[in-house]
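Residue 258 in my numbering is what sits at position 271 of the sequence shown, and the numbering runs on without skipping anything.
Every residue gets a Cβ at the ideal spot worked out from N, C-alpha and C, and that includes glycine.
Structure, as structure tokens:
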Amino acid sequence: MREFTYQRASDVSGALALLDADPDARFLGGGTNLVDLMKTGVERPGRLVDVRGLPLDRIEVADDGTLHIGATVTNSDLAAHPEVRRRYPALAQAVLAGASGQLRNMATVGGNLLQRTRCGYFTDVTKPCNKRVPGSGCPAIEGEHRNHAVLGASDHCVAVHPSDMGVALTAFDAVVSYRSADGPGELPLSEFYLPVGDTPHLETALPPGALITGVSVPPAPVAALSRYRKVRERASYAFAIGSLAAAIDVRDGAVHEARLAFGAVASRPWRAHAAERALTGAPAHADSFAAAADAELAAARPLPQNGYKVTLMRNLVVAVLTELCEEAAR
-12 MREFTYQRAS DVSGALALLD ADPDARFLGG GTNLVDLMKT GVERPGRLVD VRGLPLDRIE
48 VADDGTLHIG ATVTNSDLAA HPEVRRRYPA LAQAVLAGAS GQLRNMATVG GNLLQRTRCG
108 YFTDVTKPCN KRVPGSGCPA IEGEHRNHAV LGASDHCVAV HPSDMGVALT AFDAVVSYRS
168 ADGPGELPLS EFYLPVGDTP HLETALPPGA LITGVSVPPA PVAALSRYRK VRERASYAFA
228 IGSLAAAIDV RDGAVHEARL AFGAVASRPW RAHAAERALT GAPAHADSFA AAADAELAAA
288 RPLPQNGYKV TLMRNLVVAV LTELCEEAAR
């Protein structure tokens, strides 16, 4: 590991100034991803600016019902918050599905959204990787890609984003707040992650040197009946091979509103807009759910080893929406 200096920031302005003064510096939250990447040589910052002590650790509900989550709120505190569990159960379930209890106690909301892919070629500095070294190639396309993307990938990168939390936040139209040298700003989560295209090393639309300060989740009555389902290769702590955040509002036997977001199938949390459109107004039964999944997955471009993800996600949509409808009918 490269030697580095360490400083604690006492306020947001001070944190931004420390990063601005050193192009080799990085913000440090819980460190559950960054420190691992430093150990393997993927990340080599010369300075860490610890932002864990900044006053960004509150969860509050505004008068209009918007849920405001500070960037340094831990994953554990987010999952346990009564308003999160009551109003956005899929978000609490997604957080609990990610990592172990020890990691959730350290990991922060801001850091979770910024975590890097777990693709084996990205994390191995002896291998080429366009995300790590632009222009070096993507060996996963011809190599091991069983757990890689089937939606939104390109010839330059087929890695998937590993966040569970991000999938649920995407389904509920979350907005990321940040501060940069130019002042405060906001990015809808739908615009926060950049399409992979031919520049997979450019992952987010955050301005250079910006610090995430929080995430806002607007009121969504449909989210009260929601669920996050994660499929993984083992029942214990593991990254998803496919996941779904889903919410549904059924009235008089028809789907009035639905929210769907897929995880572990693309370079970013994947909002399933085509599936949502197909569901709206459709009868609330398994045939409609399967047709909606097919509408979304028509854009899938699987590789030889990961075509199973298309079937997996179709079955996941049908199973979770069916369970939610049965729950609503009780």
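Its Cα nearest to that of L231, the residue A262 stands out among V242, V202, A262. Its Cα nearest to that of G85, the residue N62 stands out among E70, N62, R73. Within the stretch 194 to 256, not a single complete alpha helix (DSSP H) segment reaches 4 residues in length. When the Cα atoms are used, Y224 and E314 turn out to be separated by approximately 27 Å. The beta carbons of P76 and T157 sit about 16 Å from each other, so the pair does not count as a contact at 8 Å. It is roughly 26 Å from the alpha-carbon of Q80 to the alpha-carbon of V38.
Remark: C-beta atoms of E173 and S167 do not approach each other more closely than 8 Å. Remark: C-beta atoms of Q102 and S150 approach each other more closely than 8 Å.
Note on K26: under 16 other CB atoms within 10 angstroms of its CB, so exposed under the neighbour-count rule. Considering only V147, A66, V71, the residue with the shortest C-alpha distance to C106 is V147. Residue state for A84 is assigned as helix, using DSSP reduced to three classes. In the DSSP annotation of this structure, the continuous segment of the alpha helix (DSSP H) that includes T27 starts and ends at 21 to 27. Sequence-distant partners of D185 (beyond 5 residues in either direction) whose C-beta falls short of 7 Å from its own C-beta, in its chain, are S141, H143.
Secondary structure of L54 (DSSP, three-state): strand.
Taking 8 Å as the cut-off, the Cβ atoms of L21 and S203 do not count as close.
Rounded to the nearest whole angstrom, the C-alpha separation of D23 and V(-1) is 25 Å. Here M300 is buried. Its C-beta has 16 or more other C-beta atoms within 10 Å.
Of the other Cβ atoms in all chains shown, 16 or more fall within 10 Å of the Cβ of R214; this residue is therefore buried. Per the C-alpha coordinates, the member of H68, P42, G52, F(-9) positioned closest to R31 is F(-9). In this structure, DSSP gives Q102 a state outside helix and strand, which the three-state scheme calls coil. The beta-carbon distance between A66 and V82, rounded to whole angstroms, is 4 Å. This is short enough to meet the 8 Å contact definition. For E178, same chain residues with a beta-carbon under 7 Å away, outside a window of 5 residues either side, are A192 in chain order. Secondary structure at A12: strand, using DSSP grouped into helix, strand and coil. Per DSSP, T110 is one residue of the alpha helix (DSSP H) stretching across 107 to 110. Burial of Y180 is indicated by the presence of at least 16 other C-beta atoms within 10 angstroms of its C-beta. By the Cβ rule, the stretch 232 to 252 does not count as touching the stretch 115 to 126, because fewer than three pairs are nearer than 8 Å.
Note on geometry: alpha-carbon atoms of E190 and P182 lie some 8 Å from one another. Counting of Cβ neighbours within 10 angstroms places E283 among the buried residues, the total reaching 16 or more. A94 counts as buried, since no fewer than 16 other beta carbons sit within 10 angstroms of its beta carbon. Burial state of Y108 is buried, judged by a 10 Å Cβ sphere holding 16 or more other Cβ atoms. Spatial neighbours of V305 in its own chain (CB-CB distance under 8 Å, excluding positions within 5 residues in sequence) are listed in chain order as A273, F276, A277, A280.
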